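Here is the structure we will look at, set down as C-alpha cells.
Residue numbers (my numbering): 3 to 141.
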C-alpha cells in the first residue's frame with residue numbers, strides 16, 4: 003500500500019543571470035500507511051539569494067510532521083546547503099511556514115546550485131491512509 007506524496011514547483015524565470023531559472027520544488031516521495039517519510043524541498047539558485055520564505059500545505063488526515071522534542075522545528079531540518087531554518091508547523095491546519103536564512107556565502111548568500119536540498123520535512127503517514135497520491139502544495 004504505497005502512497006505518492008507529490009509536490010509543486012515554483013519558478014522565477016526572470017532572473018538577471020542568463021540561463022539561470024530559480025526554482026523551489028517539493029520532491030515526490032513514496033511511503034506506506036503508518037510509516038515515516040522524509041520529503042526534500044529542493045532549489046535551483048542564482049547564487050545571490052540571502053533567504054527564502056514560503057509556506058506549504060498538506061492533508062493533516064494523511065500526514066503529520068513528526069514531533070521531535072529535541073528540535074524546535076520538529077521534523078523540519080536544514081538541507082545540504084546550510085543556513086538556518088525557522089519552521090512554523092501547524093499539524094491541525096496542515097501547514098508549515100518556512101524562513102531559511104544565514105547561508106555561508108558572501109554577505110550570507112547561498113551558492114549557485116541546481117536541484118539541491120534546502121530543507122527536509124519528516125512526516126508520519128496515518129495508519130489509516132489509503133493508497134494514492136497526496137499533494138503537498140505551496141500556499
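Where is the CB? At the ideal position from N, CA and C, for every residue including glycine.
This one's a predicted model, so the numbers in the text were calculated from it and none came from an experiment.
Cβ neighbour criterion (16 or more within 10 Å) applied to residue i
| i | result |
| --- | --- |
| residue 104 | exposed |
| residue 76 | buried |
| residue 46 | buried |
| residue 126 | buried |
| residue 33 | buried |
| residue 55 | exposed |
| residue 38 | exposed |
| residue 136 | buried |
| residue 5 | Residue placement at residue 5 is poorly supported in this model, since its pLDDT is 49, which falls under 50; the coordinates are not used for a value here. |
C-alpha gap between residue i and residue j, whole angstroms
| i | j | result |
| --- | --- | --- |
| residue 41 | residue 59 | 13 angstroms |
| residue 107 | residue 35 | 40 angstroms |
| residue 79 | residue 93 | 16 angstroms |
| residue 23 | residue 141 | 20 angstroms |
| residue 113 | residue 25 | 14 angstroms |
| residue 117 | residue 134 | 26 angstroms |
| residue 139 | residue 64 | 14 angstroms |
| residue 121 | residue 29 | 11 angstroms |
| residue 83 | residue 124 | 18 angstroms |
| residue 85 | residue 66 | 25 angstroms |
| residue 102 | residue 110 | 11 angstroms |
| residue 119 | residue 61 | 23 angstroms |
| residue 51 | residue 27 | 16 angstroms |
| residue 31 | residue 43 | 11 angstroms |
| residue 115 | residue 72 | 30 angstroms |
| residue 57 | residue 87 | 13 angstroms |
| residue 68 | residue 53 | 25 angstroms |
| residue 49 | residue 81 | 16 angstroms |
Range covered by the beta strand (DSSP E) that runs through residue i
| i | result |
| --- | --- |
| residue 137 | 134 to 140 |
| residue 66 | 65 to 67 |
| residue 49 | First-last for residue 49: undefined, no H or E at that position. |
| residue 92 | 86 to 92 |
| residue 60 | Taken as a continuous stretch (DSSP letters only), residue 60 belongs to no beta strand (DSSP E), as it is neither H nor E. |
| residue 33 | 31 to 34 |
| residue 25 | 24 to 28 |
> Are the stretch 89 to 98 and the stretch 128 to 136 touching by the rule of at least three beta carbon pairs closer than 8 angstroms?
Replying inline: Inter-segment contact for the stretch 89 to 98 and the stretch 128 to 136 is absent: fewer than three beta-carbon pairs are separated by less than 8 angstroms.
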